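**Student:** Have a look at the structure that comes next, please.
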Amino acid sequence: MYSPAATRYDTPNFYRRCGRSGVKLPLISLGLWHNFGGKDSFDNARAIACRAFDLGITHFDLANNYGPPDGAAEETFGRILREDLGKWRDEIIISTKAGYYMWPGPYGEWGSRKYLLASLDQSLQRMGLAYVDIFYSHRPDPETPLEETMGALAHAVRSGKALYAGISNYDPAATARAAKLLRDLGTPCLIHQPRYSLLDRWIEPQLLATLEQEGIGCIVFSPLAKGVLTDRYFKGIPADSRAGHDPRFLRPEDITAELLAKTKQLNDLAQSRGQTLAQMALAWVLRHKTVTSALIGASRVSQVDDCVGATRNLNFTGDELARIEAVLKM
Ligand SMILES: NC(=O)c1ccc[n+]([C@@H]2O[C@H](COP(=O)([O-])OP(=O)(O)OC[C@H]3O[C@@H](n4cnc5c(N)ncnc54)[C@H](OP(=O)(O)O)[C@@H]3O)[C@@H](O)[C@H]2O)c1
Numbered sequence: 003m004y005s006p007a008a009t010r011y012d013t014p015n016f017y018r019r020c021g022r023s024g025v026k027l028p029l030i031s032l033g034l035w036h037n038f039g040g041k042d043s044f045d046n047a048r049a050i051a052c053r054a055f056d057l058g059i060t061h062f063d064l065a066n067n068y069g070p071p072d073g074a075a076e077e078t079f080g081r082i083l084r085e086d087l088g089k090w091r092d093e094i095i096i097s098t099k100a101g102y103y104m105w106p107g108p109y110g111e112w113g114s115r116k117y118l119l120a121s122l123d124q125s126l127q128r129m130g131l132a133y134v135d136i137f138y139s140h141r142p143d144p145e146t147p148l149e150e151t152m153g154a155l156a157h158a159v160r161s162g163k164a165l166y167a168g169i170s171n172y173d174p175a176a177t178a179r180a181a182k183l184l185r186d187l188g189t190p191c192l193i194h195q196p197r198y199s200l201l202d203r204w205i206e207p208q209l210l211a212t213l214e215q216e217g218i219g220c221i222v223f224s225p226l227a228k229g230v231l232t233d234r235y236f237k238g239i240p241a242d243s244r245a246g247h248d249p250r251f252l253r254p255e256d257i258t259a260e261l262l263a264k265t266k267q268l269n270d271l272a273q274s275r276g277q278t279l280a281q282m283a284l285a286w287v288l289r290h291k292t293v294t295s296a297l298i299g300a301s302r303v304s305q306v307d308d309c310v311g312a313t314r315n316l317n318f319t320g321d322e323l324a325r326i327e328a329v330l331k332m
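Residue numbers for the sequence shown, in the numbering used here: 3 to 332.
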């Protein structure tokens with residue numbers, strides 16, 4: 003019988019306000035994109051989720067298509083809720099998304115009201131939930147009017163099936179338009195979920211400023227560049243690593259000698275700060291106050307511990323930042 007650690011809220015600084023909303027999110031959130039699928043060990047998935055909650059991670063991020071197969075991560079999480087975490091539902095922020103391919107035919111992906119609302123119902127059923135905390139449009143749809151997509155998110159909130167609306171992968175201009183639409187509909191945009199890491203800085207020139215201006219929170223995904231910004235690949239490609247066993251989104255050939263030369267230098271810098279490379283990479287994305295949370299994935303419990311340890315040192319000296327920039331420009 004799972005019983006959460008009594009110490010889980012002992013670090014109040016572990017939570018940041020999400021934009022100008024009433025919600026705070028943990029500095030580190032857990033995503034269930036990988037390692038929670040149909041073929042993954044349930045015991046390991048359960049151990050990761052429960053350890054995360056013990057460490058104060060109150061936010062779990064899902065999407066309709068996480069698996070494989072599609073939907074399996076929501077089913078796994080539903081079982082974890084049923085057997086372990088569900089008793090603490092009111093302490094947990096659960097998000098899901100719709101936008102990528104989920105089922106055949108013209109209504110199984112993108113941003114129509116038809117797809118989004120049907121997908122949300124399916125997600126709730128898989129997780130055994132009456133509502134999710136955040137429902138996202140997973141990607142902008144160039145063919146569906148933004149009014150329709152945002153109208154569907156607003157409807158999800160008004161119907162009580164989601165508490166807040168979110169968007170993911172929207173560029174700054176579309177973000178500003180979505181924010182206005184949702185505000186006008188009376189269901190303000192809580193959060194944006196973009197990709198951001200030392201190796202992918204597209205949000206820096208404009209998106210962060212847009213989010214700050216609109217009062218929208220920001221949870222950044224793949225802050226460890228899917229595992230590249232860790233010591234995982236320093237001695238080759240381990241069979242149990244993402245590139246080693248599930249190369250759908252990270253292929254062994256993506257981990258080039260040039261990339262490793264960079265990450266090893268970043269690792270030296272991290273060590274001089276008393277951190278692992280993963281910890282420094284997370285502290286680095288969290289140096290922006292607009293970034294509410296770093297959304298990690300984990301394949302084992304020890305990684306969750308290591309990642310949460312990042313929050314012990316979120317400060318960088320000017321010299322450290324300059325040395326990081328120099329390595330990135332290499
Ligand atoms: N909105 C979107 O379009 C979108 C897209 C992608 C992801 N996401 C969300 O973001 C979440 C995180 O994405 P991600 O899994 O790519 O994030 P990530 O944190 O960049 O990468 C996670 C991987 O890094 C490795 N790792 C984690 N902690 C480590 C540590 N302390 N030491 C060594 N290795 C460590 C593990 O790799 P191994 O498995 O090799 O051990 C783990 O699976 C997803 O679960 C999902 O919720 C959203």
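Using N, Cα and C, we set each Cβ at its ideal position, and we do this for glycine too.
This one's a predicted model, so the numbers in the text were calculated from it and none came from an experiment.
Classify M332: buried if its beta carbon has 16 or more other beta carbons within 10 angstroms, exposed otherwise.
**Tutor:** So M332 ends up on the exposed side.
**Student:** For the alpha helix (DSSP H) that contains V159, what are its first and last residues?
**Tutor:** Unbroken alpha helix (DSSP H) run through V159: L148 to R160.
**Student:** Is the closest heavy atom of ligand 1 to the C-beta of W35 under 6 Å?
**Tutor:** It does: the Cβ of W35 is within 6 Å (strictly closer) of some heavy atom of ligand 1.
**Student:** Can you tell me which of the three DSSP states T189 falls into?
**Tutor:** Coil at T189, not helix or strand.
**Student:** By how many angstroms is the C-alpha of T232 removed from the C-alpha of G101?
**Tutor:** Using only the alpha carbons, I get a separation of about 29 Å.
**Student:** At a threshold of 6 Å, does D256 count as lining ligand 1 (C-beta to nearest heavy atom)?
**Tutor:** Not so, every heavy atom of ligand 1 lies at least 6 Å from the Cβ.
**Student:** Let me know the secondary structure DSSP gives P196 once reduced to three states.
**Tutor:** Of the three classes helix, strand and coil, the one that applies to P196 here is coil, per DSSP.
**Student:** If you compare alpha carbons, which of L297, L183, H194 and N171 is closest to R154?
**Tutor:** What sits at residue 154 in the sequence shown is Ala, not Arg. Looking at the Cα atoms, L183 is the closest of the given residues.
**Student:** By the 10 Å Cβ neighbour count, where 16 or more other Cβ atoms means buried, how is S274 classified, buried or exposed?
**Tutor:** It counts as exposed.
**Student:** According to DSSP, simplified to helix, strand and coil, what is L226?
**Tutor:** Reduced to three states, the DSSP call for L226 is coil.
**Student:** Confirm, please, whether the CB-CB distance from P14 to G58 is below 7 Å.
**Tutor:** For G58 and P14, no; Cβs fall outside 7 Å.
**Student:** Applying the criterion that 16 or more other CB atoms from any shown protein chain within 10 Å of the CB defines a buried residue, is H61 buried or exposed?
**Tutor:** H61 is buried by the Cβ-count criterion.
**Student:** Could you name the residues of the same chain whose beta carbon sits closer than 8 Å to that of L32, not counting the 5 residues immediately before and after it, in chain order?
**Tutor:** Only I50, A51, A54, I59, H61, F62, D63, L297, I298, G299, A300 and V306 meet the Cβ criterion.
**Student:** Under the criterion of a Cβ to heavy atom distance below 6 Å, does D63 qualify as lining ligand 1?
**Tutor:** Yes, Cβ of D63 sits closer than 6 Å to a heavy atom of ligand 1.
**Student:** Measure the C-alpha to C-alpha separation of G107 and N66 and round it to an integer number of angstroms.
**Tutor:** Rounded to the nearest angstrom, the two C-alpha atoms are 16 Å apart.
**Student:** In this structure, what does DSSP give as the bridge partners for S31?
**Tutor:** Answer is L297, bridged to S31.
**Student:** Less than 7 Å between the C-beta atoms of C2 and A167, yes or no?
**Tutor:** The first residue shown for the chain is 3 and the last is 332, placing residue 2 beyond what the model contains.
**Student:** How big is the Cα-Cα spacing for R234 and F38?
**Tutor:** Those two C-alpha atoms are separated by around 20 Å.
**Student:** Specify whether the region 205–214 and the region 264–282 touch according to this definition: at least 3 beta carbon pairs, one from each stretch, less than 8 Å apart.
**Tutor:** The answer is no - the region 264–282 does not touch the region 205–214, with fewer than three Cβ pairs under 8 Å.
**Student:** According to the neighbour-count rule (16 or more other Cβ atoms, all chains shown, within 10 Å of its Cβ), is N171 buried or exposed?
**Tutor:** Counting Cβ neighbours within 10 Å, N171 comes out buried, since at least 16 surround it.
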